[in-house]
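Number of protein chains: 4
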Amino acid sequence: MTSEILEDLALANHILVNEGVLDGFGHISVRHPTHPERFFIARSMAPALVTPEDIVEVDLNGEVHDAQGRRTYVERFIHSAIYKARPDVMSVIHSHSPAVIPFGVTGARLRPICHMSGFLGATTPVFDIRHSAGESTDLLVSSQALGEALAKVLGPSNVALMRGHGSVTVGNSIKQAVFRGVYTESNARLQAEASRLGEITFLTEAEAKATSDMNDKHLDRPWEMWKRNAQNLSR
Amino acid sequence: MTSEILEDLALANHILVNEGVLDGFGHISVRHPTHPERFFIARSMAPALVTPEDIVEVDLNGEVHDAQGRRTYVERFIHSAIYKARPDVMSVIHSHSPAVIPFGVTGARLRPICHMSGFLGATTPVFDIRHSAGESTDLLVSSQALGEALAKVLGPSNVALMRGHGSVTVGNSIKQAVFRGVYTESNARLQAEASRLGEITFLTEAEAKATSDMNDKHLDRPWEMWKRNAQNLSR
Amino acid sequence: MTSEILEDLALANHILVNEGVLDGFGHISVRHPTHPERFFIARSMAPALVTPEDIVEVDLNGEVHDAQGRRTYVERFIHSAIYKARPDVMSVIHSHSPAVIPFGVTGARLRPICHMSGFLGATTPVFDIRHSAGESTDLLVSSQALGEALAKVLGPSNVALMRGHGSVTVGNSIKQAVFRGVYTESNARLQAEASRLGEITFLTEAEAKATSDMNDKHLDRPWEMWKRNAQNLSR
Amino acid sequence: MTSEILEDLALANHILVNEGVLDGFGHISVRHPTHPERFFIARSMAPALVTPEDIVEVDLNGEVHDAQGRRTYVERFIHSAIYKARPDVMSVIHSHSPAVIPFGVTGARLRPICHMSGFLGATTPVFDIRHSAGESTDLLVSSQALGEALAKVLGPSNVALMRGHGSVTVGNSIKQAVFRGVYTESNARLQAEASRLGEITFLTEAEAKATSDMNDKHLDRPWEMWKRNAQNLSR
C-alpha cells in the first residue's frame with residue numbers, strides 16, 4: 010500500500026509540473042496512511058524529476074527520518090504544521106503557480122468563479138510573513154513556528170495565498186489536492202480575465218459547497234487524463 | 010455508416026481537447042443518422058481517452074440504452090433536451106472552454122468580432138441555472154427539466170453561455186459543431202483583448218449571416234488539420 | 010530554381026503555422042522568379058499540409074493556370090492585386106493572426122514598439138470592406154476589384170489590417186515576408202500589453218527605417234531556427 | 010575546464026530558448042575562467058542551434074580572437090563593456106524576452122513582486138539609446154562606446170531594460186545569469202497581470218536582498234529541470 014502511495018506521489022509531482030502548477034520549485038506531500046504523525050515528500054529536488062525512490066519521511070515537527078540521511082525542502086514546515094493542525098488533511102501542495110501570485114500581492118480576493126472551483130469557498134485567506142517575522146525575511150516558511158502561523162491563517166479553508174510567494178492547497182487525498190491545485194490556478198486566470206470585462210457574479214456559498222461535493226465524485230476522470238499527459242511527457 | 014460516425018465522434022473528442030475547447034470534462038454528441046430520436050455520446054470519461062468502443066446510445070429524454078449497462082455523463086440532459094427542441098441540430102458540444110467563462114459571469118455579451126465567428130449571430134444568450142433551480146445547486150444540468158430550461162434559453166441560437174459553468178454549441182454536423190466550438194473560444198479571446206483597446210466594431214447581422222454561410226463551405230479545411238494534429242498528439 | 014522556390018514556399022507555410030501566424034486558414038504566395046506576371050500559391054487547403062506538389066500558378070488578375078485544373082483560395086485576389094500594384098513585392102501573406110485582429114476592429118493603431126518591427130513604419134492602414142462593398146458581405150476579398158481596393162489602402166506600406174478579418178503582409182522575398190508576418194503578430198501582442206501599463210514611446214520614423222534596414226541583413230538567422238522547428242513538428 | 014564551460018554555454022543557449030527568454034535573436038556569454046579579459050560567446054547564429062564548436066573568444070573591447078576568422082554578434086559590445094565595467098560579472102544575457110519589453114517603453118518600473126525575483130532589487134534602470142546616439146539609430150549597441158553607455162546605466166544592478174529593444178541580465182555564473190533571465194521575464198508577466206488587479210505590495214529592499222541570497226543556494230534545482238527540458242526538446 011505504501012509503495013502505491015509513493016508512486017502516486019511521484020506521479021502527482023509530474024502532473025503538477027505538466028499542468029503548470031509547479032515549476033522548478035514547489036512540492037506536494039501525502040500523510041502516511043497508517044502512521045498519521047508522519048508524511049511523505051520528495052528530497053530537495055525539482056518536482057519534474059521525482060521518482061518513488063526520492064521520497065523521504067518527515068514527522069509533524071518537520072524532522073526528517075531517513076535511513077540514508079537525505080534532506081528535504083527548507084519549507085517542509087508548511088506541510089508538518091498543516092498536518093498537525095488539520096487532522097482531516099491527507100495531502101498538501103505548496104506552489105508558485107503564476108496566476109495566483111497577483112492575488113496575493115493586491116487587495117483582490119480569489120473567489121470561486123465557476124463550478125470547478127467551488128472548493129475555494131467563501132474566503133481565500135492571505136498569509137503575509139511580515140506579520141509573523143518582520144519586513145526583512147527571505148519569505149520562506151523555514152521553521153515550525155512559521156508553519157504554524159501559516160496553518161493558523163489557513164484555518165479550515167482549502168487554499169491560502171502567501172504574499173509575494175505563492176499558495177498552499179490541501180485535500181483529503183492526493184487526487185483531491187491535485188484537482189484543487191490545478192483548478193485554483195485555473196480560477197485565478199479566469200477571475201483576472203473576467204474582472205476586466207465587468208462586475209463578476211461569483212458562486213454563492215451554497216453553490217460553492219454543492220459544486221465542491223459534486224466534483225469530489227469525479228476526481229478520477231481528470232486524474233486519468235493528467236496521468237496520461239504526464240507519462241507522455243516523460244517518455 | 011454508423012461505425013464511421015462513431016470514429017468521427019471519437020476523433021472530435023480528441024480534436025476538441027487538442028484545440029483547448031475540452032479538458033478533463035465536457036462532451037460532444039451526435040444524433041443517430043437513421044434514428045433521430047437517439048444520439049451517441051461517450052460513456053462517463055475524459056474526452057481525450059474516448060475510443061469508438063466507449064460510445065453509448067441515449068434517447069431524447071436522457072435515458073441510456075446500452076447492452077453493457079454502461080453509464081454516461083450526468084449532464085447528458087443538455088444533449089437530450091436540445092435534440093428534442095431543435096430538429097435541425099445534429100451535434101451538440103458542452104464545454105468549459107476558458108475564454109468563454111468570463112462572458113458568462115459578467116454583463117459583457119459575446120458577439121462576432123470577425124468573419125470566422127459569424128455563427129454567433131446577433132445574440133449569444135446566457136443561461137443562469139438560478140432562474141430555474143435556485144441559488145444552491147451544483148450548477149449541473151442533471152435532469153431533463155433543466156435541459157429543457159437550457160434549450161429554451163438557447164432558442165434558435167448556435168451558442169449559449171452557462172453562468173459560472175461553460176457553454177453549449179450546436180451544429181448540423183460534427184464538423185460544423187467542432188468548427189463552432191473552436192471559434193467560439195477564439196472569438197472570446199479576441200473580444201476580451203479588443204475590449205481593452207477601445208470600442209469594437211462588430212460584424213453587422215448581415216455580415217454575420219454571410220460569413221457563417223461562407224464558412225460552412227470550408228469546414229473540411231481546418232478539420233483535416235485538426236485531425237492531423239490530434240493524431241500526432243495521441244501517437 | 011523554381012523547384013527550390015516551391016520548397017521554400019511549402020516550408021514557409023509550415024513555419025507560419027508553427028509560429029502562430031496561420032491556422033487552418035490564410036496563405037502565403039511568391040512571385041514567379043522569371044515570369045513576374047505570375048505567382049505561386051497552394052491549392053485550396055490547410056497551410057500546415059502544403060507540399061511543393063500542392064502549389065499552383067496564378068496570374069495577376071487572379072486566373073489560375075494549372076494543367077491539372079486544380080483550384081486555389083477564393084481570396085487569391087489579395088495576392089494578384091497586390092503583385093499588380095506593387096512591382097517591388099515578391100511575396101504576400103494573408104493571415105488571421107490573433108493579436109492583430111483587435112487592432113483592426115478598434116481605433117487603436119498598430120505602431121512599431123521595438124526594433125524587430127520597424128518595418129511597420131509610421132502607419133499601418135486599415136482596410137474596411139464596407140467602404141468598397143457595403144455592410145452585408147462575407148468579408149472575403151473575392152474579386153480582383155476588391156483586391157485592388159485593398160491594394161490601394163495598403164499603398165506603399167508593408168502591412169495592412171483588414172477589419173473583422175485579419176491582415177496582409179508583403180516582402181521582397183519569402184524570408185522577408187515571413188519575418189514580417191511573425192513580427193507583426195509579435196508587435197501586436199507587445200503593444201496591447203504595453204498599452205495597459207502606460208503611454209508608449211514608439212520608434213521614431215527614422216528608427217523604424219534604420220531598424221528595418223538592419224533586420225533585412227539578418228533574415229537567415231531566425232529562418233534557420235523556424236525551419237528546424239517546423240521540420241521537428243512535422244516529423 | 011574550458012570545454013565544460015563551453016558545453017554549459019551551449020546548453021544555456023538552449024535553455025533560454027526553451028524557457029522563452031531568447032528566440033531567434035539574443036545571446037549569452039561567459040567570462041573566460043582563467044583569462045578574465047576575455048569572454049566566450051557563440052558566433053552570429055540562432056541560439057537554439059549553438060553547439061560548443063560554434064563558440065568564439067572576444068576581448069573586453071569587443072575584438073574577436075578566432076583562429077577560423079569567424080564573426081560574432083554585432084552587439085557583442087553589450088558584453089565586452091559590461092565585463093570591463095563589472096569585474097564581479099561572469100555571465101551576461103541580452104534578450105528580447107517579450108514580457109519585459111512593455112516595461113522598457115512605458116513609465117512602469119519593473120520591481121520584484123515575489124521571492125523568486127529579489128535580484129531585481131530596488132531599481133531596474135532603463136537604457137534609452139537616444140540619450141547617447143540620437144533619435145535615428147537602429148537601436149543596436151554596435152560599438153564599445155554604446156556598450157559603455159549601457160554599462161553605466163546598468164551600474165551595480167543585475168538587470169537593465171533597453172527601450173524599444175529588450176534587456177540585459179548579469180550574474181556571477183552561467184547558472185545565476187540564466188536563473189535571473191528566466192525570472193526577470195516571469196516577474197514582468199506577474200507584475201503586468203497584478204497591476205490590473207490593484208495596487209501591488211512589492212518586496213521590501215531587505216526582502217529583495219534576503220530572497221536573492223537564498224535563491225543563490227538553490228540554482229542547481231531549476232537548472233537540472235531546464236537542462237532536461239532543453240535536451241528533450243532537441244532530441
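Protein chains in written order, with the numbering used here: chain A, 10 to 244; chain B, 10 to 244; chain C, 10 to 244; chain D, 10 to 244. Even glycine gets a Cβ: it sits at the ideal position worked out from N, Cα and C. All values reported here derive from a predicted model rather than from experimental measurement.
From the options, residue whose alpha carbon lies closest to that of residue i
| i | options | result |
| --- | --- | --- |
| Val109 of chain B | B:Arg139, B:Val191, B:Ile64, B:Val73 | B:Val191 |
| Glu46 of chain B | B:Lys93, B:Val59, B:Glu28, B:Gly173 | B:Lys93 |
| Glu144 of chain B | A:His124, A:Glu157, A:Lys161 | A:His124 |
| His41 of chain A | A:Thr60, A:Phe211, A:Val67 | A:Val67 |
| Gln115 of chain A | A:Met171, A:Met234, A:Leu58, A:Ile24 | Checking the displayed sequence, the identity of residue 115 of chain A turns out to be Thr instead of Gln. Closest by alpha carbon: A:Met171. |
| Glu194 of chain D | D:Phe211, D:Lys218, D:Val168 | D:Val168 |
| Thr60 of chain C | C:Ile24, C:Glu28, C:Pro231, C:Ser89 | C:Ile24 |
| Ser89 of chain D | D:Asn27, D:Met54, D:Ala154 | D:Ala154 |
| Trp235 of chain C | D:Ala57, D:Arg80, D:Met234, D:Phe48 | D:Ala57 |
| Phe112 of chain C | B:Ala217, B:Ala219, B:Leu206 | B:Leu206 |
| Val83 of chain A | A:Val150, A:Ala197, A:Thr11 | A:Val150 |
| Val179 of chain B | B:Arg198, B:Leu159, B:Ala197 | B:Leu159 |
| Thr220 of chain C | D:Thr146, D:Arg230, D:Met54, D:Arg189 | D:Thr146 |
| Thr11 of chain A | A:Lys218, A:Val65, A:Ala239 | A:Val65 |
For residue i, the first and last residue of its enclosing beta strand (DSSP E)
| i | result |
| --- | --- |
| Arg47 of chain D | 47-51 |
| Ser104 of chain A | 100-104 |
| His174 of chain A | Taken as a continuous stretch (DSSP letters only), His174 of chain A belongs to no beta strand (DSSP E), as it is neither H nor E. |
| Arg40 of chain C | 36-40 |
| Asp68 of chain D | 64-68 |
Distance, residue j Cα to residue i Cα
| i | j | result |
| --- | --- | --- |
| Leu31 of chain B | Ala21 of chain A | 21 Å |
| Ile209 of chain A | Arg118 of chain A | 12 Å |
| Asn224 of chain A | Glu157 of chain A | 29 Å |
| Arg52 of chain A | Leu148 of chain A | 21 Å |
| Gly96 of chain C | Leu228 of chain B | As written in the sequence, residue 96 of chain C is Pro, which differs from the Gly given in the question. Spanning the two alpha carbons is a distance of roughly 35 Å. |
| Gly164 of chain D | Leu212 of chain D | 21 Å |
| Gly29 of chain D | Ile87 of chain D | 21 Å |
| Ser176 of chain B | Arg120 of chain B | 14 Å |
| Ala203 of chain C | Asn241 of chain B | 36 Å |
| Ile14 of chain C | Gln77 of chain B | 57 Å |
| Glu214 of chain C | Val73 of chain C | 39 Å |
Where the alpha helix (DSSP H) through residue i begins and ends
| i | result |
| --- | --- |
| Arg189 of chain D | 183-204 |
| Asp225 of chain D | 214-225 |
| Val9 of chain B | Within the shown structure, residues of chain B are numbered from 10 to 244, placing residue 9 of chain B beyond reach of any answer. |
| His88 of chain B | 85-94 |
| Asp137 of chain C | Unbroken run through Asp137 of chain C: none, as it is neither H nor E. |
| Gly113 of chain C | 110-113 |
| Thr4 of chain D | Since the first residue shown for chain D is 10 and the last is 244, residue 4 of chain D is missing from the structure and cannot be characterised. |
| Ala19 of chain A | 11-27 |
Same chain only: Cβ atoms within 7 Å of residue i, ignoring 5 sequence neighbours per side
| i | result |
| --- | --- |
| Arg85 of chain A | Ile50, Val67, Gly71 |
| Ile183 of chain D | Asp17, Leu18, Ala21, Val39, Ser100 |
| Asp137 of chain C | Arg172 |
| Arg244 of chain C | Model confidence at Arg244 of chain C stands at a pLDDT of 44, short of 50, so the residue's coordinates are unreliable; what they give is reported in the following sentence. Cβ within range, chain order: n/a, list empty. |
| Thr132 of chain A | Ser166 |
| Asn69 of chain C | Rather than Asn, the amino acid found at residue 69 of chain C in this sequence is Leu. So the list reads Glu46, Ser89, Tyr92, Lys93, once near-sequence residues are dropped. |
Residue i CB to nearest heavy atom of the ligand ATP below 8 Å
| i | result |
| --- | --- |
| Trp232 of chain D | By its list of ligands, the structure shown contains no ligand whatsoever, and the ligand ATP lies outside what it can speak to. |
Neighbourhood of residue i by C-beta distance below 6 Å, restricted to the same chain and skipping five residues each side
| i | result |
| --- | --- |
| His174 of chain A | Leu148 |
| Gln200 of chain A | Ile122 |
| Phe128 of chain D | Asn167, Arg189, Ser221 |
Proximal residues to residue i (C-beta, below 8 Å), its chain only, five neighbours per side dropped
| i | result |
| --- | --- |
| Val98 of chain A | Arg40, Ile91, Tyr92, Val179, Gly180, Asn181 |
(request) For the segment 35-45 of chain B and the segment 102-122 of chain B, state whether three or more C-beta atom pairs, one from each stretch, are separated by less than 8 Å. (result) In this structure the segment 35-45 of chain B touches the segment 102-122 of chain B; the number of beta carbon pairs closer than 8 Å is three or more.
(message) Is it the case that the segment 174-188 of chain A contacts the segment 218-232 of chain A, given that we only count it when at least three CB pairs across the two stretches are under 8 Å?
(response) yes
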